[in-house]
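The structure under discussion appears below in the form of C-alpha cells.
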Amino acid sequence: MRGLIFSYCGTNLTTLNNESIDRINSSSTVHFTQYQAAVLVFTDIGSLYLEHMHFLHYNGFAIVAVNLPNASLDYLNVMWSHNHYLAGFAHISTGSGVLVLFTNQTALENYSSSVQ
Numbered sequence: 054m055r056g057l058i059f060s061y062c063g064t065n066l067t068t069l070n071n072e073s074i075d076r077i078n079s080s081s082t083v084h085f086t087q088y089q090a091a092v093l094v095f096t097d098i099g100s101l102y103l104e105h106m107h108f109l110h111y112n113g114f115a116i117v118a119v120n121l122p123n124a125s126l127d128y129l130n131v132m133w134s135h136n137h138y139l140a141g142f143a144h145i146s147t148g149s150g151v152l153v154l155f156t157n158q159t160a161l162e163n164y165s166s167s168v169q
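Take the sequence shown: its position 57, counted from the start at 1, is 110 in the working numbering, and no numbers get skipped.
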C-alpha cells in the first residue's frame, strides 16, 4: 500500500470476527476491549509494505499490526487520535498511534479471517 491518506475514519475492533480478537487476547499480554478501535488491522500476513501513509483525525489506533514477520513501514505520518477528546471526558481509551504486536503462538490449521 502506498500514498494513501486516511481521514475521519476508524471503527471498533469488535467489527472483526470473534475468532481474531479471541486469538489475539489469548496469546498476548495485550487485551483488546470493546472500546479499542483502529483504521487498519493487519494480522499474520507473510509480507507487507506500507509507504507514505497519512492518518489524520482518526478514531483509535492508526494501525494495529499483529505477527507480521516481514513488514516494512516506511514514512507514516500519524497525527493524534480523536481518542484524545474521548479519554478526557469519558475516561475511556480507544487507542492511539501505531501498535505493533508480536505474540508467541502456533498457527491455527483452519484459521480464516474475513475483511468487511
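Where is the CB? At the ideal position from N, CA and C, for every residue including glycine.
Cutoff 8 angstroms; reference residue i; Cβ partners in own chain excluding five residues on either side
i          : result
residue 95 : 101, 116, 117, 118, 119, 121 and 124
Which of helix, strand or coil DSSP assigns to residue i
i           : result
residue 167 : For residue 167, the pLDDT reaches just 47, beneath the cut-off of 50, and the residue's location in the model is therefore unreliable, although a value from the coordinates is still provided. Three-state DSSP puts residue 167 in coil, outside helix and strand.
residue 78  : helix
residue 71  : helix
residue 109 : strand
residue 66  : helix
residue 55  : strand
Other residues of its chain near residue i: CB distance less than 7 angstroms, five sequence neighbours each side excluded
i           : result
residue 85  : 66, 74, 77 and 78
residue 131 : 108, 115, 150 and 151
residue 60  : 109 and 110
Other residues of its chain near residue i: CB distance less than 6 angstroms, five sequence neighbours each side excluded
i           : result
residue 129 : 106
residue 56  : 105
residue 114 : 91, 148 and 152
residue 54  : 103
C-beta atoms of residue i and residue j nearer than 8 angstroms
i           : j           : result
residue 126 : residue 81  : no
residue 90  : residue 147 : yes
residue 92  : residue 63  : yes
Residue i, enclosing beta strand (DSSP E) - first and last residue
i           : result
residue 96  : 90-96
residue 131 : 124-131
residue 134 : From DSSP, residue 134 is part of no beta strand (DSSP E); its letter is neither H nor E.
residue 100 : Looking at the DSSP string, residue 100 is not in any beta strand (DSSP E), and its letter there is neither H nor E.
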